[in-house]
Structure formats: C-alpha cells, structure tokens
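Trainee: Got a structure for you, written out below as structure tokens; questions coming shortly.
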Amino acid sequence: MAILKHIASKNADYGEAQRYLLFQYDESTNKPILDENGELIPRKEYIMDGINCDPFTFDMECRELNALYHKNESYDEIKSHHYIISFDPKDAIENGLTGEWAQQIGMEYAKKNFPGHQALVCTHMDGHNESGNIHVHIVINSLRKYDVERQDFMERACDSRAGYKHHVSKDYLIHLKQSLMDICRREHLHQVDLLAPAEKKITDREYHAKRRGQKKLDERNRQLRADGLTPRKTEFQTQKEFLRSAIEDAAAVSCSQEDFQNLLLEKYNVKLKVSRGRFSYLHPERNKYITGRMLGTHYVEDYLLELFKENAEHKENKKQTVDMGKYNMESKKSATSPSNLLQEETVSVLFIKSDLRLVVDLQACVKAQQNAAYANKVKLSNLKEMAKTVAYIQEHGYNTRDSLEDSFSEIKSHASISRKELKSVEDNLRKVNEQIHYTGQYLANKSVYQKFVKAKNKGQFRQEHPTEIALYETARKFLKEQSADGKLPSIKLLKAEKEKLLQQKKEAQKTYHYYRDYQKELNTVCSNVDKILGQPHTRQPEKQKSTDIS
37 MAILKHIASK NADYGEAQRY LLFQYDESTN KPILDENGEL IPRKEYIMDG INCDPFTFDM
97 ECRELNALYH KNESYDEIKS HHYIISFDPK DAIENGLTGE WAQQIGMEYA KKNFPGHQAL
157 VCTHMDGHNE SGNIHVHIVI NSLRKYDVER QDFMERACDS RAGYKHHVSK DYLIHLKQSL
217 MDICRREHLH QVDLLAPAEK KITDREYHAK RRGQKKLDER NRQLRADGLT PRKTEFQTQK
277 EFLRSAIEDA AAVSCSQEDF QNLLLEKYNV KLKVSRGRFS YLHPERNKYI TGRMLGTHYV
337 EDYLLELFKE NAEHKENKKQ TVDMGKYNME SKKSATSPSN LLQEETVSVL FIKSDLRLVV
397 DLQACVKAQQ NAAYANKVKL SNLKEMAKTV AYIQEHGYNT RDSLEDSFSE IKSHASISRK
457 ELKSVEDNLR KVNEQIHYTG QYLANKSVYQ KFVKAKNKGQ FRQEHPTEIA LYETARKFLK
517 EQSADGKLPS IKLLKAEKEK LLQQKKEAQK TYHYYRDYQK ELNTVCSNVD KILGQPHTRQ
577 PEKQKSTDIS
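So the sequence shown is numbered by this note's numbering: it starts at 37 and just counts up by one.
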C-alpha cells in the first residue's frame, strides 16, 4: 500500500534537502552519517531528477527565485514542502516494482499536482526508516516559478500564478491522497483507502517515540547480558500500544460495556470514562485520558458496542448448541447411525469458554516486586488459577503434555483457516461496497455531467460545478476499470450480492471467533501447565518422553 507523508519546512538552507537525498542519514537523529575521515557517505541506490530546475543547482535556483519576488525572506515563512510516497514492500516482490518505475510514478505525480514549482524528485531503493521499501521523495520550493493552467484542485485564483506560494489545505491533502490512490490502482500496486480512518491510528510522534524507546531498551538489555543477566523485557511498548493491547484483549471476551470496564480495571488497571457517549481511557501512568478516536476506529464506542453485541450473541448461540447436543446424546445413546455419529463428533469439539487466566510471572511483575502485599495477592490468585488449570485438563481428558499441545495445534490450524476465509469474504465485500459507492456517485452526478457535455461554454460550466463533474469523472473511471465489458453494474444486483456477502461474513465471523477463543484458552492452559511443571512455555515442544499431567 502506498502512503503519503507531508512535511513543511522553514529551513532556509535548500541544500540540506539535497544532501539528505544524496547522502546517508541516521533516521533516528536525522543527522548525516560520516566516514572515518569525517566525510559524507553517498547513498548506495538512488535516482534523482529535477522539474523546472537542475537537480544539482536546486538550492541556488530557489534562492534566486525568492529574491526575484522578495518572498521567503522571513525566518517564520515555510520555505519548502517535502512529500514522501512510500510503497508497500510487497510491491517489489509480487508486482515487480523497481526504482525506475517508482521514479516515473513520482515524476508523473509531481508534474500533475505541483505544476509550476521547482521540484526535486528522488527515489530511494534502500528503504525508509529501515523498512526495506521503495519510496519517492518530492521536495518543492514553496514559491511557484511559472504560470500554469488553472486546475480543479486549485482553491484560489492565485494558485496557478507565478510568484505565489504553495497552498496546503485539508481539501488539497484529500486530493493528493486520491491522486496517489488512482495512480497505484492504475498500476496494479497494493493500495488501501487513504481517506478512510485508520483502524490503528499511529502518529509520527508515537512512531518515533517507539523507535527511541526500543533503542534505549536494547542498549539496557545489552548491558544486562554483558553482566550475565537475562533481560525481563525485550520489546518497548508506548502507552498507546499498551492501551490498544488491553482494549483488544478485554473487548474480545466482553459481552457488555460493564464487563469491558471491569475487566480493563481489574486486569490492566486501565480506567474507562464515558463522556457524551464517547469512550476515553486512562493509562496507569498518566493523569490525562486518551480518547478512543486517538487510538483508531477499533477503539471507539460504536465499534466496541457492536463487538460486545456480537460476543453476547455468539455466547448465547454456543449455549443453545451445547444444550441441543446434550439432548441428542441423552435421547439416542444406543443409536449407531451415521447421523448420530456426526452428532457425537460435533459435541466432542464443542467449546464453552471458561474463566481461566494466565498464571502471573512474579519475576516479571514490577509491581509485585515493589509491593509485598500485592505479591501475596498475586500468589493467592496464581494458586487458584493453577487449581482451575488442573481441573480443566482432567475434565477434558488431557493425560500428557503432548496431547494438550496436539489439541492446541489442531485448533490453531482451524483458527488460521477460518481467518483466511473471513478475510476473503471481507475483501469481496469491500470490492462490492466500492462498486455500489461509485455507481451511486456516477448516477447522482450524471445529469449535471450531461448538461456539461451540452453546454456551449464548458469552461464556465466546469467552474460552476467542479465538485459534481469531478465526482462523476472519478466514478466513471473507476467503473470502467472494474468492468470487463464496459457496462454499468446494476445497483439492484450489487445490493443483492452485498446482502449475500454480509450473511457469509456473519457466518465466517462466528466460525473464526469460535476457534480464536478456543485457541486463546488452550494457549492459556499450555502456559499455566508449563509454569506448574517448571518448564518454559513453547508451542512446538521437541519430541521427548510424555510427562503425565493429569
């Protein structure tokens, strides 16, 4: 998936942008990397071109243009804009994306969306922030050099005239994202909807905080290993990451808002606040709440309440299935027909979620080490969970550690298969939703476009109805690309297909949730058994003599 990032710079040294594109920089400190002689180290792979300038005299030409129009002379003016297009690493493997191809896309994108500006377009093949993906940097002077033809995305009359500055607004950024999505879809590259809110909203600030924290943690762990100690923690987690993980775990087993709130507080010490119907969360080490919207769409009230409803329905359906299975077993114990054998097999794999929890590792629990009373409370809780675990394995007939591991592997395989089936249905549903959306958009603006075609002064008509015409042309372009015979899809047929896929999705979700919960429970049992036996928890143990755990 290609993503777009925008950075506005007030740095008057245009040569800094050139040096960043040509030489190696430390991404964490944003400082150049020097060799043993103190010289800059050139990047191994890059392609650079200039638009309306020579790429190697970009800095000098920008300063000359600024002096000509007496612009960009104040320290607080934005001197340049830096756009980064990052492609999905899978594009290079699956779609054959090369640096030359990415550079062509970058040049097309820059000429289309930044006309009249001096621009550097540089493609790096070495990966941005060690991600290993191909990405394109586009650096433009904030001052426009040439007059250009007025485009639909230009909001002001001066946005097409020389001597005026690059204007960035919310609508313009939406246009830039849509333009990138159109190009990637045309080139058959991986692409997600950049205009839709993210399921997990990770800002640049959080991303860099994660990198800095992980770097410090790695340094501390190296010192511990050098002293002969085993690090307690190897992965740094931001406060928002902690909240997301806690919310996901609690929401997966909660059937109501009250269950969710109690579980968050009891297990993770995270407080939930509901204000005007909106969820906010308080991290144990913070004094200020973080809204669900700041974490992503999967952590807001609407999504979670719907998930609680699905969990409650799923729990009720399982209960009814178990009751029916027990009735069939009791009423026809002596029958040996194939149908009865099938019923017995179904009952044997029925899963009823228990309240088992992981045994807490006291050595890794900082709070328990600091508070003796809390440590005693954890020890008592661990004893209860161990007793529940022993009762669980006896009830389910697990006589050896290997039999438990085999059962876990089987359920894990079922969970993986059901997840792939659910993903396939969701992908088909997304495609149908896109077709419905663009078909409706096409039909809604068709009458305006027909008037535009018949209009004598098409330029004036386009200025009076820019939104309707742009929406129609976008929808028409999308539908042509999706249709093999060039015919417009029927809304009625599309909606019927959507209803069919929604039903399939519901069934696939039930199956996936069933095996997912079963897998989590068996994983908890495996972990607890390993702690009882004093063995490290491993999901794929080496073949050895079976240990009796009954």
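Idealized CB from N, CA, C, for every residue including glycine.
(1) Output yes or no for whether 9 angstroms exceeds the beta carbon distance between THR159 and ILE170.
(2) Is GLN54 helix, strand or coil by DSSP?
(3) What did DSSP end up calling LYS276 once you bin it into helix, strand or coil?
(4) Report yes or no: do three or more beta-carbon pairs, one from the stretch 501–518 and one from the stretch 536–545, lie closer than 8 angstroms?
(5) Is ILE210 buried or exposed, if buried means 16 or more other CB atoms sit within 10 Å of its CB?
(6) DSSP three-state call for ILE114: helix, strand or coil?
(7) With distances taken from CA atoms, which of GLY135, GLU346, ASN323 is nearest SER290?
(8) Using 8 angstroms as the Cβ pair cut-off and three pairs as the minimum, do the stretch 134–146 and the stretch 214–221 touch?
(9) In three-state DSSP terms, what is GLN259?
(10) Rounded C-beta distance between VAL184 and PRO151? I'm assuming under 8 angstroms.
(11) What are the partner residues of PHE59, as DSSP defines its beta bridges?
(12) Using DSSP's beta-bridge definition, name the partner residues of ARG498.
(13) Quick one: measure Cβ to Cβ for LEU58 and PRO78, integer angstroms, because I've assumed they're closer than 8 angstroms.
(14) Looking only at its chain, what residues have a beta carbon closer than 8 angstroms to the beta carbon of GLU52, apart from the 5 residues adjacent to it on each side?
(15) Given a threshold of 16 other Cβ atoms within 10 Å of its Cβ, counted over all protein chains shown, does GLN259 qualify as buried or as exposed?
(16) Please say whether VAL468 and ALA544 have beta carbons closer to each other than 9 angstroms?
(17) With DSSP collapsed to three states, give me the class of GLU381.
(18) So does the stretch 244–255 actually touch the stretch 311–325, counting three or more Cβ pairs closer than 8 angstroms?
(19) Where does the unbroken alpha helix (DSSP H) through PHE444 begin, and where does it stop?
(20) Helix, strand or coil for GLY86? Go by DSSP, reduced to three states.
(21) According to DSSP, LYS67 sits in a beta bridge with which residue or residues?
(22) Check whether the Cβ atoms of ARG552 and ALA288 lie closer than 9 angstroms to each other.
Mentor: The relevant details are as follows:
(1) yes
(2) helix
(3) helix
(4) no
(5) exposed
(6) coil
(7) GLU346
(8) yes
(9) helix
(10) 4 angstroms
(11) PRO78
(12) None; ARG498 has no bridge partner.
(13) 6 angstroms
(14) none
(15) exposed
(16) no
(17) Residue confidence is low: GLU381 scores 37 on pLDDT, short of 50, so the model does not pin down where it sits. No coordinate-derived value is stated.
(18) no
(19) 437–480
(20) strand
(21) ASP62
(22) yes
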